[in-house]
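Quick note: the sequence shown, position 15, residue 40 per the working numbering, numbers continuous. Below is one structure; the comments refer to it alone.
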Amino acid sequence: MAADMDGVMMKDGKMMMMKDGKMMGPMDHDMTMSNGTKMMMNGKMMMKDGKETMMKDGQMMMMDGKMMDGGEAMEMKK
């Protein structure tokens, strides 16, 4: 499972890049996930519908835009 964990994670108030489940260092540019969600370097997420949310410590967003919280997949609230 951890081997396909590519995405970004909020760790101690900083956005970190994740590759194969390992921390690769700080996020150095804003990213758009495959579902259209934009991830900002400050932890702000902007959904395709324009809704904004801040990531909380320990939350992770996969490259496909799915949110993980402590390793558990979460449904994005509409």
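Just so it is clear, CB atoms sit at the ideal spot from N, CA and C, and this is done for glycine as well.
Problem - MET4 to SER59 span [Cα, whole Å] - result: The chain is shown from 26 up to 103; residue 4 falls before or after that span and cannot be answered.
Problem - Alpha carbon of LYS35 to alpha carbon of MET72, nearest angstrom - result: Sequence check: residue 35 is Met here, not Lys. Their backbone Cα atoms lie some 17 Å apart in a straight line.
Handout entry: Three-state secondary structure (DSSP) of ASP94
Key = strand
Practice task
My understanding is that ASP55 touches MET65, with C-beta atoms under 8 Å, so please give their C-beta distance in whole angstroms.
Solution key: 5 Å
Problem - Between the CA atoms of GLY90 and LYS81 - distance to the nearest angstrom - result: 15 Å
Handout entry: Rounded C-alpha distance that separates MET48 from MET42
Key = 6 Å
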